[in-house]
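With the first letter of the sequence shown counted as 1, position 154 gets the number 154 in UniProt numbering; the numbers rise by one all the way through.
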Amino acid sequence: MQTIYDFIVKMPDGKDKSMSEYKGKVLLIVNTASKCGFTPQFEGLQALYEKYKEQNFVVLGFPCDQFKQQEFDHIEETIQFCQTNYGVTFPMFAKIDVNGTNEHPLYTYLKEQKSGMLSKAIKWNFTKFLVDQNGLVIKRYSPMTKPDQIEEDIVRNIT
């Protein structure tokens with residue numbers, strides 16, 4: 001059976017990172033954008049990460065420019081923006097596509113595991129997926145779901 005751990009993602013510096021490095025952790029995977037109405041959610045995502053990182057919880061941010069080009073052209077600008085404006089210390093990755101012919105295989109998998117209300121497609125920035133310690137996708141949240149609204153589900157799943 002395929003799990004989240006079977007995928008390779010790119011770090012901002014272009015190096016590969018195996019998702020298997022997150023085995024045993026509860027993950028909140030989010031497609032992010034720096035110039036979106038939901039961008040202030042970075043603050044809540046960072047707060048969750050800070051609160052639960054010692055309990056095997058990690059937020060993983062995947063910048064995406066597919067929704068009205070709301071991401072910087074260069075990943076360095078994205079990382080700087082997130083750190084400066086929201087104090088982001090959770091892992092951020094290289095910019096990816098979450099829909100379409102160039103979508104990252106990780107997002108193909110996530111969408112197959114938990115579809116949205118009307119379709120599998122990611123509709124906007126800050127769609128969130130909660131993954132348990134075994135690499136299984138357990139819940140999908142809409143962009144309108146604020147990070148603090150996910151806290152109860154995170155607590156239920158951390159060890």
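Built from N, CA and C at the ideal position, the CB exists for glycine as well.
Quick one: what's Ser18 bridged to in DSSP? In the DSSP output, where bridge partners are listed per residue, Ser18 has Ile8.
CB-CB length for Phe62 against Val30, believed under 8 Å: The Cβ separation is near 7 Å, so the contact holds.
Limits of the unbroken alpha helix (DSSP H) element including Asn85: Taken as a continuous stretch (DSSP letters only), the alpha helix (DSSP H) holding Asn85 covers Ile75 to Tyr86.
Would you call the segment 44 to 51 and the segment 8 to 17 in contact, with 3 or more CB pairs under 8 Å? Contact fails: fewer than three Cβ-Cβ distances are below 8 Å.
Chain-order list of residues whose beta-carbon lies under 8 Å from that of Asn56 (same chain, five-residue window excluded): Excluding five sequence positions before and after Asn56, the CB atoms of its chain that fall closer than 8 Å to its own CB belong to Gly24, Lys25, Val26, Gln133, Ile158 and Thr159, given in chain order.
Span separating the alpha-carbon of Pro105 from that of Phe7: Roughly 7 Å separates the two Cα atoms.
Return the CA-CA distance between Lys95 and Arg156, expressed in angstroms with no decimal places. Taking the straight line from one Cα to the other gives about 30 Å.
Alpha carbon to alpha carbon, what distance is there between Glu103 and Gly135? About 20 Å.
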